[in-house]
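Asks:
Residue numbers (full-length UniProt numbering): 1 to 191.
1) Taking the straight line between their C-alpha atoms, what separation do you get for residue 179 and residue 38?
2) Just checking my contact of residue 83 with residue 169 at CB under 8 Å: how many whole Å lie between their CB atoms?
3) Would you kindly check if the distance between the Cβ of residue 70 and the Cβ of residue 143 is under 9 Å?
4) Starting from residue 57, follow its DSSP beta bridges and name the residues at the other end.
5) Do you know how far the Cα of residue 103 is from the Cα of residue 44?
6) With DSSP collapsed to three states, give me the class of residue 47.
7) Ordered along the chain, which non-local residues of its own chain (more than five positions away) have a Cβ less than 7 Å from that of residue 89?
8) Any idea if residue 97 is buried or exposed, counting beta-carbon neighbours within 10 angstroms, 16 or more meaning buried?
9) Throw me the rounded Cβ distance for the residue 68 and residue 167 pair, which I believe falls under 8 Å.
10) Can you check DSSP and say which residues form a bridge with residue 161?
11) My assumption, with CB atoms under 8 Å, is that residue 160 sits in contact with residue 171. Please give the rounded CB distance.
12) From residue 81 to residue 64, what distance separates their C-alpha atoms?
13) Return the chain-ordered list of same chain residues with a C-beta closer than 6 Å to the C-beta of residue 186, the five sequence neighbours on each side being excluded.
14) Quick one: give me the first and last residue of the alpha helix (DSSP H) that residue 99 is part of.
15) Would residue 106 and residue 86 qualify as a contact pair, given that the criterion is a beta-carbon distance under 9 Å?
Encoded structure:
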């Protein structure tokens, strides 16, 4: 049975949706019922970005056409390069018509991490070109991720989900401010 169909997931997602709707739009962080949501994120379609043995795992909903996702990845680079953080990009297609085909090309590629990096490097010139065969193969995974993002009440990319310093699951919608990065990354910026 898909984790999206379990009662625990629906309860956790419903709780998050209620929290998201109850908080004002300017709220920067929200606490969620953690374990069921974390497991659902773990079971989703994501691209690893960082070391296998990183100290911290962070999930982030990423659209290949999102300038704020690109900004967040740049901000996270020192932690990723130091081996402290592994980002798991849950690829979605919500910003432009080309977002879903690009996200599917990344997810369906032989080396999704390399394809995501290629998209980042080419971001200023429009990103990667979709590969029709890969789009057919992985478009359903992108749609599942879109539904997951919606079901969790996320309305912006990136939406980043992480365990905070109190052991609570927390989310940040939109690009974090530089002063928020240590809390999200779990440590001060590496030198």
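For each residue, glycine too, the CB sits at the ideal point set by N, CA and C.
Replies: According to the structure shown:
1) 25 Å
2) Contact between residue 83 and residue 169 is absent: CB atoms are separated by about 23 Å, not below the 8 Å threshold.
3) No. Outside cutoff.
4) 86
5) 14 Å
6) strand
7) 46, 47, 49, 60, 62 and 116
8) exposed
9) So it is not a contact: roughly 27 Å between Cβ atoms.
10) 59 and 171
11) 7 Å
12) 21 Å
13) 56
14) Judged by DSSP secondary structure, residue 99 falls within the alpha helix (DSSP H) whose first and last residues are 99 to 108.
15) Against a cut-off of 9 Å, the Cβ pair of residue 86 and residue 106 comes out as no contact.
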